[in-house]
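A quick write-up on the structure given underneath.
Right, dumping it as structure tokens:
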């Protein structure tokens with residue numbers, strides 16, 4: 042593999058930062074999917090992926106939404122070209138929600154009769170009534186998707202628990218529209234749904250586990266969104282994932298206990314002898330034996346964090362709820378599950394926000410950056426946020 046290959050450069054950077062064995066998963070844009078399989082093999086040699094790599098990679102949600110909307114616009118490409126000759130901003134950015142806005146404005150002008158003279162004079166080809174109807178249909182569909190995704194893409198650093206309800210809303214909407222009696226609506230949304238369902242099949246496991254870790258949702262909401270078979274897969278993997286965190290937590294506690302004992306021995310010199318002698322004295326007490334027998338006869342196995350979490354009622358719905366903050370505040374109550382939540386909720390399910398989330402064209406790399414060596418380019422990109430007054 043060439044030294045400038047993205048995977049080689051990436052693995053080199055991981056080694057330099059000392060994090061090559063600390064990967065849980067990896068979030069990628071659409072244009073990087075081609076490199077994922079090779080990268081996964083290289084990373085698995087040194088990293089322990091969540092659920093043996095079932096959550097690798099994390100596909101960028103804004104990319105799939107843009108691709109789905111663009112799939113719809115492709116059905117009226119020729120009509121859009123006609124509209125552009127009538128009314129279109131000269132420097133319109135390649136953002137699908139701006140395309141929707143511009144088409145909607147053109148519809149308003151058409152209904153006001155603004156294009157009558159153009160049609161009569163033959164200066165440009167004006168869309169037919171049927172074509173205007175198709176434009177209205179696509180605007181309605183795209184506008185609905187825009188409204189649904191505002192809660193994701195116009196939020197700074199959204200946690201992964203927020204995505205299942207929004208993306209499920211898109212899936213339900215497209216499914217409903219695909220059953221429309223209008224042949225054009227049904228055709229367009231079926232094509233959009235094909236692309237969306239491919240993403241859903243790859244991502245529903247992560248999205249559902251993250252939603253489960255939102256105390257407002259838990260498993261009930263996951264079961265509501267998914268099919269019975271999908272929900273069963275999610276539940277099975279939640280338990281597998283939790284078992285791994287439980288083992289890790291118990292190992293850490295064991296190591297902590299050993300270190301505490303060693304410190305005690307250092308302080309007392311012959312600490313082992315003192316502690317053993319004290320323990321033997323306690324065992325000689327009959328009253329203590331009777332007490333232990335009585336307690337053990339009534340002993341009930343302690344419930345796990347996961348069982349306790351499932352038994353607790355869901356948290357009442359509230360605006361501006363922060364799942365990470367909730368888990369931080371409840372870390373003592375759920376010491377193992379809170380660590381699992383910390384890792385899962387922090388996974389970036391979208392890699393862009395604001396207007397970039399609605400782009401329908403690959404973003405061109407700055408030519409001045411392309412001329413730099415990989416090390417220098419990496420330094421420039423990593424230090425962008427250090428600039429005073431910089432905004433993302």
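In the working numbering, the protein residues as written are 42 to 433. We put the beta carbon where it would ideally sit given N, CA and C, even for glycine.
Item, Value
"Locate the alpha helix (DSSP H) running through residue 108, then write down its first and last residues.", "102-114"
"Taking C-alpha atoms, which residue in 110, 134, 389, 128 lies nearest to residue 154?", "128"
"In whole angstroms, what separates the C-alpha of residue 101 from that of residue 124?", "31 Å"
"DSSP state of residue 49, grouped into three classes?", "helix"
"Rounded C-beta distance between residue 97 and residue 126? I'm assuming under 8 Å.", "47 Å between Cβ atoms; not a contact."
"For residue 80, which residues of its own chain have a beta-carbon under 6 Å away from its beta-carbon, when the five flanking residues on both sides are left out?", "48"
"If I measure Cβ to Cβ from residue 378 and keep anything under 7 Å in the same chain, skipping five residues before and after, which residues do I get?", "283, 346, 347, 350"
"Measure the beta-carbon distance from residue 158 to residue 137 and round it to whole angstroms, keeping in mind my assumption that it falls under 8 Å.", "That belief does not hold up - the Cβ atoms of residue 158 and residue 137 are roughly 31 Å apart, past 8 Å."
"State the beta-bridge partners of residue 68 as determined by DSSP.", "99"
"Inspect the beta-carbon positions of residue 419 and residue 68 and report whether they are closer than 9 Å.", "no"
"Taking DSSP as the reference, what is the three-state secondary structure of residue 248?", "helix"
"With 16 as the cutoff for other CB atoms within 10 Å, does residue 297 come out buried or exposed?", "Confidence at residue 297 is low in this model, with a pLDDT of 46, below 50, so the placement of that residue is unreliable and no value is reported for it."
"Taking buried to mean at least 16 other C-beta atoms within 10 Å of its own C-beta, is residue 244 buried or exposed?", "buried"
"Helix, strand or coil: how does DSSP classify residue 429 here?", "Reliability of the predicted coordinates at residue 429 is poor, the pLDDT of 45 falling under 50, and the value obtained from them is presented with this limitation in mind. In this structure, residue 429 counts as coil in the three-state DSSP scheme."
"Measure from the alpha carbon of residue 363 to the alpha carbon of each residue in 147, 239, 197, 52, then state which is nearest.", "197"
"Distance check for residue 56 and residue 46, CA to CA, integer angstroms please.", "16 Å"
"Evaluate residue 386 with the Cβ neighbour count: other Cβ atoms within 10 Å of its Cβ, from every protein chain shown; 16 or more gives buried, anything less gives exposed.", "buried"
"Are residue 183 and residue 113 touching if we call contact CB-CB under 9 Å?", "yes"
"Is the stretch 168-183 in contact with the stretch 142-151, if contact means three or more CB pairs nearer than 8 Å?", "yes"
"Do you know how far the Cα of residue 76 is from the Cα of residue 90?", "17 Å"
"Can residue 256 and residue 390 be called in contact, C-beta distance under 9 Å?", "no"
"Is the stretch 207-215 touching the stretch 229-242, taking contact as three or more C-beta pairs under 8 Å?", "yes"
"Rounded to whole angstroms, how far is the Cβ of residue 191 from the Cβ of residue 173, which I believe are closer than 8 Å?", "Rounded, the Cβ-Cβ distance is 27 Å, inconsistent with contact."
"Please classify residue 37 as buried or exposed, where buried requires at least 16 neighbouring CB atoms within 10 angstroms.", "Past the edges of the chain, shown from 42 to 433, lies residue 37, and the structure says nothing about it."
"With distances taken between CB atoms, is the gap from residue 383 to residue 367 smaller than 9 Å?", "no"
"Identify every run of the alpha helix (DSSP H) within the stretch 131-204, keeping only runs that are complete inside it and at least 4 residues long; order them along the chain.", "137-152, 157-162, 170-194"
"Helix, strand or coil for residue 409? Go by DSSP, reduced to three states.", "helix"
"Tell me the DSSP bridge mates of residue 128?", "DSSP, once it has assigned bridges, lists no residue as partnering residue 128."
"For residue 286, tell me which candidate among 381, 210, 235, 266 has the shortest Cα-Cα distance.", "381"
"How far does the alpha helix (DSSP H) with residue 347 in it extend, from its first residue to its last?", "346-352"
"How close, in whole Å, do the beta carbons of residue 211 and residue 189 come, if the pair is a contact with beta carbons under 8 Å?", "6 Å"
"Tell me which same chain residues have a C-beta within less than 8 Å of the C-beta of residue 95, skipping the five on either side of it?", "246, 278"
"Do residue 252 and residue 206 have their CB atoms nearer than 9 Å?", "yes"
"In three-state terms, what does DSSP make of residue 222?", "coil"
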